[in-house]
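Novice:
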Amino acid sequence: MGIKNLYKRGVMGLYGVAYAVAALAMTVTLDVSTVAAHGERSQEPFLRMRTVQWYDIKWGPEVTKVNENAKITGKFHLAEDWPRAAAQPDFSFFNVGSPSPVFVRLSTKINGHPWFISGPLQIGRDYEFEVNLRARIPGRHHMHAMLNVKDAGPIAGPG
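Residue numbers (the numbering used here): 1 to 159.
(1) Confirm, please, whether the CB-CB distance from P83 to L121 is below 9 Å.
(2) Name the DSSP bridge partner or partners of M146?
(3) At which residue ranges does the region 105-133 contain complete beta strand (DSSP E) runs of 3 or more residues, listed in the order of the chain?
(4) Taking 6 Å as the limit between beta carbons, can you name the residues of its chain near E68, skipping five residues before and five after?
(5) Sort out for me which residues DSSP pairs G192 with in a bridge.
(6) Pull the bridge partners of G74 from the DSSP assignment, please.
(7) How long is the line joining the alpha carbons of K109 and E130, rounded to whole angstroms?
(8) Excluding the five sequence neighbours on either side, which residues of its own chain have a C-beta within less than 6 Å of the C-beta of V102, listed in chain order?
(9) Determine contact between the region 111-125 and the region 57-66, defined as no fewer than three beta-carbon pairs at a distance below 8 Å.
(10) For H144, count neighbouring Cβ atoms within 10 angstroms of its own Cβ and tell me buried if that reaches 16, exposed if not.
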């Protein structure tokens, strides 16, 4: 193996290392968009399609400052063909899903009544909800309305 061939392979190796470092630096520094498969899309289809149908969901504001109020309102319907594999909604708790404890819950109302503890919900009925929150951390936070059913787990709504 001649000195020219050895030199050529060494230079090509340096180019490869430089390319790898540049690719790694670009993946670390580029802004990565939010993951699409989370919340309601990450659940089993029989849970998200046959248990709770969410509609007319509104939340705002999109960006909050510390101690600024936010609100989530909407409606949900408990499907008549609730799957046998999921526990009945005899003990249900209405919750808000967020990436971390960025909000403090001020009040929760379902059909106009305060709802701070778990309670029974009836299959086949429509419910209207309103959740008032106060921001603990400033920023743009992604939230989901969520229904926790004992022995079935959380059923996330759109966010």
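Built from N, CA and C at the ideal position, the CB exists for glycine as well. All figures in this text were calculated on a predicted structure; none of them were measured in a lab.
Specialist: The structure says:
(1) Locating residue 121 in the sequence shown gives position 121, counting from the first residue. Locating residue 83 in the sequence shown gives position 83, counting from the first residue. Between L121 and P83, the C-beta gap is not smaller than 9 Å, which leaves the two residues out of contact.
(2) For the purposes of this step, residue 146 is identified with residue 146 of the sequence shown, where counting begins at 1. Looking at the DSSP assignment, M146 forms a beta bridge with N95, A156.
(3) Complete beta strand (DSSP E) runs here, min 3: none at all.
(4) The residue you call residue 68 lines up with position 68 of the sequence shown. For E68, where only same-chain residues beyond five positions count, the Cβ hits under 6 Å are A135.
(5) The displayed coordinates of the chain run from 1 to 159. Any statement about residue 192 would go beyond what the structure contains.
(6) Here residue 74 refers to the residue found at position 74 when the sequence shown is read from its first residue. G74 is bridged by DSSP to F129.
(7) On the sequence shown, residue 109 is found 109 positions in, with the first residue counted as 1. On the sequence shown, residue 130 is found 130 positions in, with the first residue counted as 1. Approximately 5 Å between the Cα atoms of the pair.
(8) Within the sequence shown, residue 102 is the residue found at index 102, counting from 1. Only R136, I137, H141 meet the Cβ criterion.
(9) The region 111-125 makes no contact with the region 57-66: fewer than 3 CB pairs, one atom from each, lie closer than 8 Å.
(10) One-based indexing of the sequence shown puts residue 144 at position 144. With 16 or more other Cβ atoms within 10 Å, it is buried.
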